[in-house]
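Notes follow the structure.
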Amino acid sequence: MKDTTDDVRRRAAAIEVAVFDVDGVMTDGKLYLHGHGEESKTMHVHDGLGIQRLQAAGVAVAAISGRPSPAVAARLHALGVDYIYLDSHDKQMDFEALLAELELTPERAAVMGDDLPDLGLMRRAGLAMAVADAVPDVREAAHWISDCKGGEGAVREACELIIAARNAH
Numbered sequence: 001m002k003d004t005t006d007d008v009r010r011r012a013a014a015i016e017v018a019v020f021d022v023d024g025v026m027t028d029g030k031l032y033l034h035g036h037g038e039e040s041k042t043m044h045v046h047d048g049l050g051i052q053r054l055q056a057a058g059v060a061v062a063a064i065s066g067r068p069s070p071a072v073a074a075r076l077h078a079l080g081v082d083y084i085y086l087d088s089h090d091k092q093m094d095f096e097a098l099l100a101e102l103e104l105t106p107e108r109a110a111v112m113g114d115d116l117p118d119l120g121l122m123r124r125a126g127l128a129m130a131v132a133d134a135v136p137d138v139r140e141a142a143h144w145i146s147d148c149k150g151g152e153g154a155v156r157e158a159c160e161l162i163i164a165a166r167n168a169h
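137 is the number that full-length UniProt numbering gives to position 137 of the sequence shown; each next residue is one higher, with no gaps.
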């Protein structure tokens, strides 16, 4: 993981909920299309353990995605993720609903994204994070950028950043 600034460490130490996009963040962004219209995706097991470690450290985890996916829902449930917003038609509205449910201000939220639909959430979050292969606008909006690409350990790296910052304070 790259060196982090004092500002990023301060922001990460305050996080009480981490919100991850799915396609391009938890996955590599590729869709594998099968014969009858089914899709499959890949997720890295290191990211899954990072999510579990983050939850064990007392940080809530949420996933917000514009796409529906029964397989992703099953994986997130298996990891114990309590806040799952798939097939989201308004990511910003879902983010605000999550904050209201948890009674948190945006400064207590971290958001990790990769593409333009994530920008609104990232701009509201206390800690905006991007995967290494995020589009330029997302990278520019991020307080911190992972060394890893989406679906290749970026989520784990983000989780470890937050855990380390919280443990240091």
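Glycine included, each C-beta is placed from N, C-alpha and C at the ideal position. From a predicted model like this one, the values you see are computed outputs, not experimental measurements.
Whole-angstrom distance between residue j and residue i, CA atom to CA atom
i	j	result
Ser40	Arg9	36 Å
Arg166	Glu16	10 Å
Ala18	Val81	11 Å
Ala13	Thr5	12 Å
Trp144	Asp94	23 Å
Val135	Glu38	27 Å
Ala56	Ile163	10 Å
Asp7	His36	49 Å
Gly151	Gly58	23 Å
Leu99	Ala168	25 Å
Ala110	Glu103	15 Å
Glu96	His77	22 Å
Environment of residue i [buried if 16+ CB atoms lie within 10 Å]
i	result
Arg67	exposed
Glu101	exposed
Val45	exposed
Glu157	buried
Of the residues the options, the one placed nearest residue i, counting alpha carbons only
i	options	result
Arg11	Ala56, Val155, Met129 and Cys148	Met129
Lys30	Asp114, Pro136, Gly126 and Glu160	Asp114
Val138	Met112, Asp7, Ala158 and Gly153	Met112
Asp87	Ala97, Leu99 and Ser69	Ser69
Val25	Ser146, Leu161 and Ala168	Ser146
6 Å CB neighbourhood of residue i in its chain, flanking five on each side removed
i	result
Ile51	Val61 and Leu79
Val72	Val22
Ala154	Val131, Ser146 and Cys148
Neighbourhood of residue i by C-beta distance below 8 Å, restricted to the same chain and skipping five residues each side
i	result
His34	Ser40
Lys149	Asp28, Val131, Ala132 and Asp133
Ala141	Leu119, Met122, Arg123, Ala128 and Ala130
Arg75	Met43 and Gly48
Close Cβ partners of residue i (< 7 Å) along its chain, the five nearest in sequence each way excluded
i	result
Pro117	Gly66 and Lys91
Met1	Low local confidence applies: a pLDDT of 45 at Met1 is under 50, so the model's placement there is unreliable, and no value is given.
Glu107	Ala14 and Gly126
Leu54	Ala18, Val61, Cys159, Ile162 and Ile163
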